[in-house]
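Residue numbers (the numbering used here): 18 to 90.
For each residue, glycine too, the CB sits at the ideal point set by N, CA and C.
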Amino acid sequence: MTDIRTWKSESLGITIEIDYDKCTGEGECVNVCPTGVYEIVNGKSTAPNIDQCIQCCACVAACPQAAIKHSTC
């Protein structure tokens, strides 16, 4: 079974999913996100600040493992 974690923003109407089986915690999403949506916790990416998302999709493009799915990208 795949370990996919989901963050939702009701106010923005977006969803971010991170496949924890693929995520290696390299932090490229943290580095490229201009609004600080992502944090690395226990070696995996999290999106606790999803309400800050500007939907630029830089995180999806930067993830070397293709572990991030964004509802608008």
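message = Can you give me the C-alpha to C-alpha distance between E56 and M18, rounded to a whole angstrom?
response = As a first step, residue 56 must be located in the sequence shown, where it is residue number 39. As a first step, residue 18 must be located in the sequence shown, where it is residue number 1. The straight-line gap from Cα to Cα measures roughly 24 angstroms.
task = Can you grab the Cα-Cα spacing for the pair T23 / A64, in whole Å?
result = Stepping through the sequence shown from its first residue, residue 23 is reached at position 6. Stepping through the sequence shown from its first residue, residue 64 is reached at position 47. Straight-line Cα distance between these residues: approximately 9 angstroms.
query = If you check the beta carbons only, do T52 and Q69 fall under 8 angstroms apart?
reply = Taking the first residue of the sequence shown as 1, we reach residue 52 at position 35. Taking the first residue of the sequence shown as 1, we reach residue 69 at position 52. Yes.
Segment limits, beta strand (DSSP E) that includes V58 = Here residue 58 corresponds to residue number 41 of the sequence shown, with the count starting at 1. Its beta strand (DSSP E) spans residues 56–58.
ask   = Is D68 helix, strand or coil by DSSP?
value = As a working mapping, residue 68 is identified with position 51 in the sequence shown. In the structure shown, D68 sits in a helix (DSSP, three-state: H, G or I).
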